[in-house]
Structures are given as C-alpha cells and as structure tokens.
Amino acid sequence: MPTVDEAKPTMPVEPTQVAEVPTDRQIMTARFEPGGRLLVTAGYDGLVRRWDFTGEEPRELEPLAGHHGWIERITFLGDDRLVSADSWGRLRCWSFDPADPAGEWTVAWDHEQAHDGWIRGLDVTPDGTRVVTGGNDRAARVRNAADGKLVRELPNHHEEVHAVALHPDGENVVTADLRGVVVHWSVATGERVRAKIETGLYFEDKSWASPGIRFARFEDDGRTLVVAGSERTATNRTVGHPAVQFYDWATAERTRSLRCSEDVSQGYVFDLAFRDARQLVVVTSGQPGKGQLLVFDLDSLDAEEEESAKPVFQHTKMANCHALAPHPDGRRFVVAATNKRSQGNGAVTDKEGRYLGNSSPLHVWEWPQTP
Amino acid sequence: MHSRLCTPADHALSRRRVLGAFAGGAAGLGLGPLVRPAVAEDLKANDKQVLLVWLDGGMSQLESWDPKPNTRFGGPYRAIDTSVPGLRVSELMPKVATRMQHLSVVRSMKTEDPNHSSGVPKILRGHPKNRGVTYPYFGSAVARLMGPGPSGLPPYVWVKPGSGGFVSKHAGFLGAKYGALALGDGKPPNNLLRPDTIDSDADRERNELRELFERRYRRTHRPGWSEANTHVYDVARTLMKNVELFDESKLDPQDVERYGRHHLGRHLLLARRVLEAGVRFVQVTSYGWDTHGDNFNAHARRVPGLDQPLAAVLDDLHDRGMLENVLVVVMAEFGRTPRVNGSVGRDHWPNAWSLATGGCGIVPGQVVGATNDDGTDVAGTPYDIGSLFHTWFHALGIDSRTAEYHNGTQPLPVAHDDMQPIRELLA
Chain Y
75 MPTVDEAKPT MPVEPTQVAE VPTDRQIMTA RFEPGGRLLV TAGYDGLVRR WDFTGEEPRE
135 LEPLAGHHGW IERITFLGDD RLVSADSWGR LRCWSFDPAD PAGEWTVAWD HEQAHDGWIR
195 GLDVTPDGTR VVTGGNDRAA RVRNAADGKL VRELPNHHEE VHAVALHPDG ENVVTADLRG
255 VVVHWSVATG ERVRAKIETG LYFEDKSWAS PGIRFARFED DGRTLVVAGS ERTATNRTVG
315 HPAVQFYDWA TAERTRSLRC SEDVSQGYVF DLAFRDARQL VVVTSGQPGK GQLLVFDLDS
375 LDAEEEESAK PVFQHTKMAN CHALAPHPDG RRFVVAATNK RSQGNGAVTD KEGRYLGNSS
435 PLHVWEWPQT P
Chain E
-14 MHSRLCTPAD HALSRRRVLG AFAGGAAGLG LGPLVRPAVA EDLKANDKQV LLVWLDGGMS
46 QLESWDPKPN TRFGGPYRAI DTSVPGLRVS ELMPKVATRM QHLSVVRSMK TEDPNHSSGV
106 PKILRGHPKN RGVTYPYFGS AVARLMGPGP SGLPPYVWVK PGSGGFVSKH AGFLGAKYGA
166 LALGDGKPPN NLLRPDTIDS DADRERNELR ELFERRYRRT HRPGWSEANT HVYDVARTLM
226 KNVELFDESK LDPQDVERYG RHHLGRHLLL ARRVLEAGVR FVQVTSYGWD THGDNFNAHA
286 RRVPGLDQPL AAVLDDLHDR GMLENVLVVV MAEFGRTPRV NGSVGRDHWP NAWSLATGGC
346 GIVPGQVVGA TNDDGTDVAG TPYDIGSLFH TWFHALGIDS RTAEYHNGTQ PLPVAHDDMQ
406 PIRELLA
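The listed protein sequences derive, respectively, from chains Y and E.
So the first sequence is residues 75 to 445, counted in the working numbering.
So the second sequence is residues -14 to 412, counted in the working numbering.
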C-alpha cells in the first residue's frame, strides 16, 4: 500500500458536486491533460472528445476522429501527448502543444492493428518512455512511446487480457486476464518472471467465465500493485462486490483486500484514484441505476474490517459511474456516470417517437479546502 | 427394479398434464387430430428432421447476425465477411462466417413479447391466434405431424443443461405423449440400463405385470390418460436399444475437439448423433444469453461458444448429405436492445431481431429483410414468428395452409392463419 507521512494531517473527505455537464454519448474513460486545462473523454462513439475546463462552464471542443468501435482506454504521455486505444485494435498517439492544448492535435504515430480486436488495457511509464497494451487477442505488447515501435511481444496468454500495468522502471509488466490471473513479465526477456497471482476476481460456471478485473496500476513508486474490479457472484449480470486488492510488489503478497460494498448489485470498481497516500477514491457501476462514489481512508481501516470496508464518504445518487478523472490541481475531480433510467425492455422513445440512447453526464466535484 | 425413464414424481406430473390436456373432451392420441389422415401418412413417410438451437434469454443480433459496426448502438466489435458475398456477421462468429453458404439470415424479425416467461412459449409455439387452447411447441408439433420415423426413437428430444426427464407441457393440447424427452446435460434418463441383478426373464415378467396394470387402468379411464404413461416406457425400451448414443467413450476425439468441450459443444455433438440415429426433432438449448449486464464480455465468450459447434454440426450435416433433409434453426425468444444500459448490457428487444435457418430446402445464403442504419427498427416488411413456422413447415413437407390439428371437434391451423411463408427462403 502507499507509504504514509505520519505527520501529515488527514485531508477533508467530503467533496461537493458543483456541476453536471450533459453529454450526448456514453463515456468509458476520462482523463485530465497534465496542465489541467482540458478534460479528455472517450467511449462508445469512437471519438476522442476534449472539454475546455478553463472557463466557468466546461465547453466541448471539436472531437477527434480516426478510431473505430469503442475507445475504452486513454492515457497521457508526458505533458504533450495522449495515447488512445480502441476496440478494433487501433492504438494512436496524439500530439499537442502543451501551451495550447485546445489547439490543433496531430497524430504522432498510429497502429491500425496494434491488436487483433479490442484493446482492453493501456498503461505508460511515468517518464513517458514506454507504452503497454493488452487485448482480447490474448496478447500484451510493449512499445517505445517516442515512435510507437514494438519493444516486446508478450503473446499466448491463456485468456483475454483485461488489464495491464507498466512498472515505473519500464522493465516489468503485469497483465491481468479474464480469470483474474495476474502475471509478471520481464520486458527484456519476454519471459514470465514469477508465480502467477490468483486474485479470484472472476466468475465461472460450468460453461462460461466472466471477467472481474477492470484495471491494474502501480502506485507508490512501484512498490504497490493495485488491481480492482469485482468479486463476481453471477454471470451475465453485473452482480458482485466492487473490490480493490493491494499487493506488495517485492513479495507479490496481498497486503490489503478491500470489499467496497456488501451489496452485490454494486458490481465493479470501474476506476480509482489516490488522493494522497491515505485516501482512495473509487467509482463503481453495477446493475442499472447502481453506482457509487466512495472515499476510503486507508489508515482508518483495521485489517479485520477490510473485507467489508466502510467508506468515509459515500455518494449513491449517480448511476453507473464508469470513469473518474482527478484534476491536476488536486481540488476538483470529474465522474462520468450514466443517465437515470438507462435500462428498459423494448423501444424507449421520446415524445416524437425517436429511439433514445443513453449518455454519460459529467459530474464535477470539489474537495473542501484543506484547513 | 426395472429400467424407467422418469421418477415417480415425473409420472405423477405427466398424469396430471394428461388430465389437464384432455379435460375439455379432447380427442385421443391416435392419428385423429389431423383432419386429413392421408396427409399424415405422407408425412410419416418423409425423412426430414429438425435441429433447433435455442439461445435462451436472447442473443444480441448486433453481436451476431446483424452487426452495425461504427454506429451509435453498434457496440465494440467488428463485422467480418462471410462465404456469401455481401453478407457480413460479427467478428465473434469467424467459423460460421465461412459456412454461411449453408444458412440464411432473417434480419427483420418483429415479435410482440419482450418478456421471457411469456415470450419463450409464444415463439416456440409459433404464436398462433388465440383459440383458447395451448398450442404445442415446435418440437411437439413436428412430433405430432410427422411422427417418430422408422428409427422408432422418440420424435422430440431436448438436449439441455441441468436436469432431464419427460417434459409433457411442451405438447399443449396435443397431449402429453408428444412432449419432449429431455436429456439433462446430454445424459440418458436415469437407470436406463437394466441392472445386472435383474435377468431378462425377470425383466420380461415385470413388464408383463406392468402391462397388466396398465390394461386394468385403461379400462376405467380415458385412453389418453394412460397412453402417455405407457409411451414413456416404450420410449425407454427404444432408448435401451440405442444406449450407445450416450457412450462418450465411443466419441471420435477429433469430433470432441471440433465441437468443443463446453455444454453447447457437447450437446450439439450429441444432437448430431441422435439425428443420425433417426430422431425427428432435436432441440439443443443454451442458457445464459440474458445479458442485461456486461453484454459485451458475455457475448465475447458465448458467441464463439456457439460459433464453434454450430460450424462443426453444419460441416457434419453437409458432409453426410444430411443437410438436404435436416432443417436447422438458430434462434431465441427475442434479440437485445440497441441501446446499451448503464450496466454495459443490452435489454430485451422483440422489435427488430435476427435468426438463422438453413437446410431441408431452405434457400441458403439469403439475407431476408433488414434493419435501419442504427438497428432500432425493421426497414421494410417485418416478419413475426408465424411466418417462420409456415416457412419451416413448408420446408418439412407440411402444407401449413391446409394441414390442421383436430382438437376434439375443433379444427386448428398448425400455424398463424393470417401469415404466410417467406417465399425468399423457399425454392
């Protein structure tokens, strides 16, 4: 788990929602540009959408086309590039002027078939030198972030790769697959380094297996591996306990296991962020209408309580939260949730008889000022 | 103890079902229910068969037969070319894509019921007009209209996960005899084989005693009440002669690999074998397609799980020359909504869904109908399930415009009398 400065006071934990920005499509991921002036979102429409956050109200800029299907993952590379990955296998690196992120974006490099099909996992090193991807083609690939050239192929996984994480050293990769199995790979050799970690974050019945891991990430300068998703309890429905697991990278031992809700209808942890070493912010999405914003104070959790951890803040009014984007100023964050009443059998139409789709309103939150 | 097909509780249920089915003064279970016995004799002589693959819960048309890539509701997957020029299916069906010359797709299914509990029986009964009777499921209808065929094997076999037994309720007003013999998890009925402790003489004596009891029972009860019960013993005896069908040790290991070791793979391989043995109608059910949540991960596993054994069985039926006489149907009670809910799922969608069918004279490689650009409605003429029943009956040699059931004095059409076959599918 992240190390803690014992003298540091605990930060206030009750954020306030200050705005809700409507959108016209569903969003899978959202990240702030390192300068904090742009929020970038992507999702079911295959567009990279940019939102100017410099004014009083977020303002959408011209979206960037070029992808297909869904874009599930984006990540910034340093302060002047963004990598986006889609469900048809395209991996694209965009370049922009950090002094004018709302200006023109160009394609730095592009791989139309970085994977054969859906890219599920994407991560970069903090120094912006390497990129790793994993996908439904049961492969992971490490690339040079400067030009996108392949550095290492990690093929032949037993199952679809649902999450990847690059260690800050750039030499070690973990992949997490459909069956919740985490594997540590050496970029230098392409070999598996040590025993697999069985997270148990998946569900299987006699015929089928359902994934439980949404992502993996190194924290604490690479000393901690965090994986998150769901302790699944049934297939086909998003039923399970949202869960976060922490592993000591040196030993691969699980040091903490957080069951974020006892309510199985809450489903998955879809995204998370550390506010500081002590506070973990997660967003969840479960059955239609079910979604939570949760803040956990990791220090206050006794080992005995961890199985069903109590959050220090809980908000249940947003439906099906799929993305969490902390602003670089540390004061704000955005949650991409789903419109209410998103489910329903048969045709749902408006008054003019037009078939209605769903969307992901952006909820803007503010943390209270630190005393 | 002699072999038996069902548990005592099953028998009790069957008797009750029979009682219910005949409570309204219905006819017996002979050839009577057909208005034209000569037609029935013709039908009995033909050797056509049916394989129905039932995807219970509702497979998404957008992740299978009617992909809409790069559209608002198209989902994450790509579409791929098939062996039929111009026909594309989801990338999740790569094997079937290369066998589409054997199948046709109806993309303009528009049915009424968005609920499982009422939608499943409506689709499986062909949703005829309401005449105050419970119509038979497709398998029971074919069993009644065409009979068991020369093999003597039960005419309607249902291969499914879970438990088995004799499922009389599928037969509706036809009477329990035309119910489904359900092979739970592809296994034969319990205690199918005679125990070693009972020799053939003892077995014969036991059956003679049972038949004596049956005759006594029949003297004081309506014939239909006992006939279904007798029928299951007859079925059991027939199955005992074909017990090798269930001997998995005799399976070709290559077949096992081609079909896959999962439920649907094992069950479709069994379906091919029982069709080869002469069973008239085989339904193979795959459960778990009701993907209100996590639709795309679920279909990423399930559709390939259909693709592999469906391609294998199409290959085998074609290679054996059986596809000319075996009608293949792949369908569910509805499709799934275009819009994706917050749970990353798709809900129930009877408004514009797809099914696939082929074999037995169905014109292959056809795409019947279409949906609009974003898949939210049928573009052009929609088809309800009644039209498909007319089409399938026609392919089986049954003139659905004239053939009728006879429920006592009540003549009943075998398919919806306001609907017609889909001519594009019939040569």
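Note that CB positions come from ideal geometry on N, CA and C, so glycine has one too.
Note that the structure is predicted; figures quoted are calculated from it, not measured.
Rounded distance between the beta-carbons of residue j and residue i, thought under 8 Å
i	j	result
residue 142/E	residue 264/E	5 Å
residue 426/Y	residue 89/Y	Actually they are not in contact, since the Cβ atoms of residue 426/Y and residue 89/Y sit about 38 Å apart, beyond 8 Å.
residue 371/E	residue 404/E	4 Å
residue 175/Y	residue 107/Y	5 Å
residue 359/Y	residue 395/Y	6 Å
residue 260/Y	residue 278/Y	Not confirmed; about 29 Å, so no contact.
residue 93/E	residue 365/E	6 Å
residue 202/E	residue 157/E	Actually they are not in contact, since the Cβ atoms of residue 202/E and residue 157/E sit about 24 Å apart, beyond 8 Å.
residue 35/E	residue 266/E	4 Å
residue 171/Y	residue 177/Y	6 Å
residue 370/Y	residue 383/Y	6 Å
residue 433/Y	residue 126/Y	Actually they are not in contact, since the Cβ atoms of residue 433/Y and residue 126/Y sit about 19 Å apart, beyond 8 Å.
Residue-level contact to chain Y via CB, residue i, 9 Å cutoff
i	result
residue 283/E	yes
residue 328/E	yes
residue 55/E	yes
residue 76/E	yes
residue 63/E	yes
residue 188/E	no
residue 359/E	yes
residue 323/E	yes
residue 384/E	no
residue 369/E	no
residue 59/E	yes
Same chain only: Cβ atoms within 8 Å of residue i, ignoring 5 sequence neighbours per side
i	result
residue 77/E	48, 49, 62, 284, 285, 288, 289 and 292
residue 255/Y	232, 233, 270, 271, 272 and 273
residue 169/E	145, 146, 147, 148, 149 and 150
residue 343/Y	288, 302, 303, 304, 316, 317, 318, 334, 356, 357 and 358
Cutoff 6 Å; reference residue i; Cβ partners in own chain excluding five residues on either side
i	result
residue 296/E	80, 81 and 84
residue 162/Y	142 and 143
residue 258/Y	248, 267 and 268
residue 14/E	Only weak support exists for where residue 14/E lies, its pLDDT of 35 falling under 50; the coordinates are left without a value.
residue 364/Y	339 and 340
residue 271/E	40 and 249
residue 447/Y	Beyond the ends of chain Y as shown, which are 75 and 445, falls residue 447/Y; an answer cannot be given.
residue 369/E	96
Chain E contact for residue i (CB, 9 Å cutoff)
i	result
residue 364/Y	yes
residue 321/Y	no
residue 279/Y	yes
residue 422/Y	yes
residue 357/Y	no
residue 305/Y	no
residue 311/Y	yes
residue 283/Y	yes
residue 444/Y	no
residue 234/Y	yes
Which residues DSSP lists as bridging residue i, in chain order
i	result
residue 183/Y	167/Y
residue 315/E	38/E and 341/E
residue 134/Y	125/Y
residue 405/E	In DSSP, residue 405/E forms no bridge with anything.
residue 348/Y	354/Y
residue 66/E	73/E
residue 94/E	338/E and 368/E
residue 437/Y	94/Y and 409/Y
Sequence-distant residues of its chain with Cβ nearer than 7 Å to residue i (five each side left out)
i	result
residue 27/E	With a pLDDT of 48 at residue 27/E, under the threshold of 50, the predicted position of this residue should be treated as unreliable, though the coordinate-derived value follows. Around residue 27/E: no qualifying Cβ.
residue -8/E	Low confidence applies to residue -8/E: its pLDDT is 32, below 50, so where it sits in the model is not reliable, and the reading given next is rough at best. So the list is empty, once near-sequence residues are dropped.
residue 150/Y	105, 107, 108 and 156
Select from the segment 106 to 133 of chain E all residues with a C-beta closer than 9 Å to any C-beta belonging to chain Y, and list them in chain order.
none
Can you pull out the residues from the segment 194 to 215 of chain E whose beta carbon lies closer than 7 Å to at least one beta carbon of chain Y?
none
Report the residues of the segment 119 to 142 of chain Y with a CB closer than 9 Å to any CB of chain E, ordered along the chain.
119, 120 and 142
Listed from N- to C-terminal order along the chain, which residues in the segment 299 to 310 of chain E have their beta-carbon within a distance smaller than 7 Å of any beta-carbon of chain Y?
none
Name, going along the chain, the residues of the segment 260 to 293 of chain E whose beta-carbon falls closer than 9 Å to a beta-carbon of chain Y.
271, 272, 273, 274, 275, 276, 277, 278, 279, 280, 281, 282, 283, 285, 286, 287 and 290
Contact list for the segment 325 to 355 of chain E against chain Y, Cβ threshold 8 Å:
325, 326, 327, 328, 329, 330, 332, 333, 334, 335 and 336
For the segment 77 to 107 of chain E, enumerate the residues whose C-beta is nearer than 7 Å to any C-beta of chain Y, in chain order.
99
May I ask you to list, following chain order, the residues of the segment 85 to 111 of chain Y that have a beta carbon less than 7 Å from some beta carbon of chain E?
100
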